[in-house]
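Anchor point for the first sequence: position 107 equals 107 in the numbering used here, and the numbering is continuous, going up by one each time. Every residue gets a Cβ at the ideal spot worked out from N, C-alpha and C, and that includes glycine. Report on one structure; see the data block that follows.
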Amino acid sequence: MAHWLLKSEPFKYSWDQLVADGRTHWNGVRNHQAANNLKAMEVGDRCFFYHSNEGLEIVGIAEVVREYYPDPSDSSGRFGMIDVGPILPLLHPVSLKQIKADPTLAGMALVRQSRLSVSPVADEEWRRICELGGLSG
DNA sequence: GCCAACGTTGGC
DNA sequence: GCCAACGTTGGC
1 MAHWLLKSEP
11 FKYSWDQLVA
21 DGRTHWNGVR
31 NHQAANNLKA
41 MEVGDRCFFY
51 HSNEGLEIVG
61 IAEVVREYYP
71 DPSDSSGRFG
81 MIDVGPILPL
91 LHPVSLKQIK
101 ADPTLAGMAL
111 VRQSRLSVSP
121 VADEEWRRIC
131 ELGGLSG
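Here's what the structure looks like:
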């Protein structure tokens with residue numbers, strides 16, 4: 001199972017909103033690299049949910065519930081979207097500051113490519129963030 | 001509010 | 001096909 005990280009500005013769409021909604025369309029991606037990552041996702045893959053701009057921390061774990069399909073909000077027809085649902089919040093949100101300070105995590109795509117909204121997460125990065133987040137696994 | 005990174009657009 | 005201009009993202 002692959003792991004991913006999804007970024008959202010909390011004032012646009014927050015973790016709490018995802019919990020309230022039960023599931024949502026992850027639409028509006030207009031970057032090919034991010035879209036390629038969406039394409040590679042399979043139902044059941046887990047994703048960290050990161051709050052950008054405000055918060056600057058990973059707050060929860062979401063799950064892919066529908067694989068890549070066309071995004072009707074893209075008139076060009078080039079981009080697609082997935083659906084995700086919430087799994088559980090982190091007991092302790094993991095901040096960007098912590099991530100940058102941790103040797104295991106400092107090389108994450110989140111850090112290296114700050115503008116990429118959908119990025120892969122390596123297994124050891126996943127385990128380390130779960131640990132920092134207070135989840136035993 | 002500023003600025004770096006970076007993708008896109010458009011003139012040539 | 002190159003590259004300057006411009007727009008957007010997102011951390012600080």
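Can you name, in chain order, every residue of its own chain whose Cβ lies under 7 Å from the Cβ of residue i, other than the five neighbours on each side?
i: Asp71; result: Asn27, Phe79, Gly80 and Met81
Would you call residue i buried or exposed, if buried means 16 or more other Cβ atoms sit within 10 Å of its Cβ?
i: Gly77; result: exposed
i: Met108; result: buried
i: Gly134; result: exposed
i: Glu125; result: buried
i: Gly22; result: exposed
i: Ile58; result: buried
Relative to the alpha-carbon of residue i, which residue among the options has its alpha-carbon at the smallest distance?
i: Asp123; options: Ala20, Thr104 and Val43; result: Thr104
i: Gln113; options: Gln33, Cys130, Phe48 and Leu91; result: Gln33
i: Ser73; options: Lys100, Arg30, Ile99 and Glu67; result: Arg30
i: Glu42; options: His51, Ala62, Thr24 and Met1; result: Met1
i: Lys7; options: Asp102, Val84, Gln98 and Arg128; result: Val84
i: His3; options: Ser95, Pro89, Arg66 and Cys47; result: Cys47
i: Pro93; options: Val64, Arg66, Gly55 and Asp45; result: Gly55
For residue i, which residues does DSSP report across the bridge?
i: Val64; result: Val84
i: Arg46; result: His3 and Glu63
i: His25; result: Asp83
Note down, in chain order, each residue of its chain lying with its Cβ closer than 6 Å to the Cβ of residue i, except the 5 sequence neighbours on either side.
i: Ala106; result: Lys100
Counting only the same chain and skipping the five closest in sequence on each side, list residues whose C-beta sits under 8 Å from that of residue i.
i: Leu91; result: Gly133, Gly134 and Leu135
Using a Cβ-based criterion (distance less than 6 Å to any ligand heavy atom), does residue i qualify as near the ligand SAH?
i: Gln98; result: For the ligand SAH, the structure offers nothing, since it holds no ligand at all.
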